[in-house]
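Protein chains in written order, with full-length UniProt numbering: chain A, 1 to 310; chain B, 1 to 105. Every residue, glycine too, gets a C-beta built ideally from N, C-alpha and C. For reference, the structure is listed below as structure tokens.
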């Protein structure tokens, strides 16, 4: 499917870029005729291409039109927090739903010191402080726990591996809501991104950092959005300094997911951080099995953390 | 273990080197025999330091079971014994984990 989808998706991106209002009618595209095409992602669950300043995304097969349309409308409503789409409705292409976005500059993967921890925390705080009732409806559930459950299913399907049992045990010890089998506990519900990592931030033309990828956005426990950095910190991937910068910026921006300054954040973060550690470990093991390679040191650290949980 | 009050699961945390159980639901705290004394002792040690040193970020998350100075950034008991860059991952590993793990779902 991908072999025919990618050229078609690129063609759509080109068509939207060439109709862009920023150019005079009939004016030349800054692309100079094709040189600006790039494939930004080509995964099982998403293809993303760029032409000049337009990005086109083909969402995962089976993505529901109603939920995606609401999520796009939320992004359009909160342009100070989320990158707003170029068009408010998804269109169909080769059996997939596609959306269009302005291009943004991603976080530099080669420069850990330049990672925008404060911006990420501040954007999340704004998202979590937004009243879900004031947003387009019906707002779907945040899909973080469902995504974690999918990663564990992928681990089970990958076949036996010595690292699988500790990950499965850590997962089984989680409460049902964190495994995507029940709604988040009452009183802990807000607007969440649902899949925060550093690939979910871009700087768009004329704007500061914005969150992208609304596929998992919805209502849920906002602590979930803080829990991936929490899991990185707990597993030694993130330094205490970076973790403290992130937490302090979230609190300074009035983020509601954490108790007041001075109170320990871990009682709130623990369950989602365990879930995200299990999710990340499950994907790492499944990928290692598929590639027939051993776990690297970082992947093993995630599995070891699962082993200490249960 | 289960919370004796509301029966939700309790999770273990490391507070200043003392393992305590806290309920995920009602936030109640359970202390084993001797743990209250350990916490009181640590509190007294902290109070006797005059003037108290400024709270500086730690190089590592607290190791489970190891006595700690004032924890600027507590970590869960299931966390890595030696986390953070400069730990056993080193500079190269930090770059690798940053560009790889921190950018994917």
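**Prompt:** Comparing alpha-carbon positions, which option in B:7, B:11, B:101 lies nearest residue 270 (chain A)?
**Reply:** For the purposes of this step, residue 270 (chain A) is taken as the residue at position 270 of the first chain. Ranking B:7, B:11, B:101 by Cα distance to residue 270 (chain A) puts B:11 first.
**Request:** Just list the alpha helix (DSSP H) runs in the stretch 107-181 of chain A, keeping only unbroken ones of 4 residues or longer that don't cross its boundaries, in chain order.
**Result:** Considered as a whole, the stretch 107-181 of chain A harbours 117-129, 144-157, 164-172 as its complete alpha helix (DSSP H) runs of no fewer than 4 residues, in chain order.
**Item:** Buried or exposed (CB count within 10 angstroms, at least 16 for buried), residue 51 (chain B)
**Value:** The residue labelled residue 51 (chain B) in the question sits at position 51 within the second chain. With a pLDDT of 42 at residue 51 (chain B), under the threshold of 50, the predicted position of this residue should be treated as unreliable, though the coordinate-derived value follows. Exposed.
**Asked** In three-state terms, what does DSSP make of residue 103 (chain A)?
**Response** For the purposes of this step, residue 103 (chain A) is identified with residue 103 of the first chain, where counting begins at 1. If DSSP states are grouped into helix, strand and coil, residue 103 (chain A) belongs with coil.
**Message:** For residue 68 (chain A) and residue 97 (chain A), which I take to be in contact (beta-carbon distance under 8 Å), what is that distance rounded to the nearest angstrom?
**Reply:** Numbered from its first residue, the first chain carries residue 68 (chain A) at position 68. Numbered from its first residue, the first chain carries residue 97 (chain A) at position 97. That pair is a contact at about 6 Å.
**Item:** Option nearest residue 60 (chain A) by Cα separation, candidates A:45, A:124, A:103
**Value:** Mapped onto the first chain, residue 60 (chain A) falls at position 60. The residue with the shortest Cα to Cα distance from residue 60 (chain A) is A:45.
**Message:** Check this for me: beta carbons of residue 209 (chain A) and residue 119 (chain A), under 7 Å apart or not?
**Reply:** Indexing the first chain from 1 puts residue 209 (chain A) at position 209. Indexing the first chain from 1 puts residue 119 (chain A) at position 119. Closer than 7 Å, so yes.
**Request:** Indicate whether residue 218 (chain A) and residue 140 (chain A) have their beta-carbon atoms separated by less than 7 Å.
**Result:** Position 218 of the first chain, counted from the first residue, corresponds to residue 218 (chain A). Position 140 of the first chain, counted from the first residue, corresponds to residue 140 (chain A). Taking 7 Å as the Cβ cut-off, residue 218 (chain A) and residue 140 (chain A) qualify as a contacting pair.
**Item:** Own chain residues within Cβ distance below 6 Å of residue 99 (chain A), not counting five before or after
**Value:** Start at 1 with the first residue of the first chain, and residue 99 (chain A) comes out as number 99. If we look at residue 99 (chain A) and ignore the five residues flanking it on each side, its Cβ neighbours are 57, 85, 90.
**Request:** Have a look at residue 136 (chain A) and residue 155 (chain A) and give me their C-alpha separation to the nearest angstrom.
**Result:** In the first chain, the residue the question calls residue 136 (chain A) occupies position 136. In the first chain, the residue the question calls residue 155 (chain A) occupies position 155. Taking the CA atoms as reference points, residue 136 (chain A) sits about 36 Å from residue 155 (chain A).
**Item:** CA-to-CA distance, residue 115 (chain A) to residue 39 (chain A), given in whole angstroms
**Value:** For this step, residue 39 (chain A) is matched to residue 39 along the first chain. For this step, residue 115 (chain A) is matched to residue 115 along the first chain. Rounded to the nearest angstrom, the two C-alpha atoms are 23 Å apart.
**Message:** Short of 6 Å in beta carbon distance, which residues of its chain neighbour residue 151 (chain A), apart from the five on each side in sequence? Order them along the chain.
**Reply:** Position 151 of the first chain holds residue 151 (chain A). Sequence-distant partners of residue 151 (chain A) (beyond 5 residues in either direction) whose C-beta falls short of 6 Å from its own C-beta, in its chain, are 279, 282, 283.
**Item:** Between the CA atoms of residue 87 (chain A) and residue 36 (chain A) - distance to the nearest angstrom
**Value:** On the first chain, residue 36 (chain A) is found 36 positions in, with the first residue counted as 1. On the first chain, residue 87 (chain A) is found 87 positions in, with the first residue counted as 1. Spanning the two alpha carbons is a distance of roughly 21 Å.
**Request:** Run the CB neighbour count on residue 111 (chain A), radius 10 Å, all protein chains shown included, and call it buried at 16 or more, exposed below.
**Result:** The count along the first chain starts at 1 and reaches residue 111 (chain A) at position 111. Flag for residue 111 (chain A) reads exposed.
**Prompt:** For residue 289 (chain A), which of A:164, A:80, A:17 has the nearest alpha-carbon?
**Reply:** Along the first chain, read from residue 1 onward, the residue named residue 289 (chain A) stands at position 289. Closest option to residue 289 (chain A), Cα to Cα, is A:164.
**Message:** Could you compute how far the alpha carbon of residue 79 (chain A) sits from the alpha carbon of residue 162 (chain A)?
**Reply:** As a working mapping, residue 79 (chain A) is identified with position 79 in the first chain. As a working mapping, residue 162 (chain A) is identified with position 162 in the first chain. Their Cα atoms are separated by approximately 46 Å.
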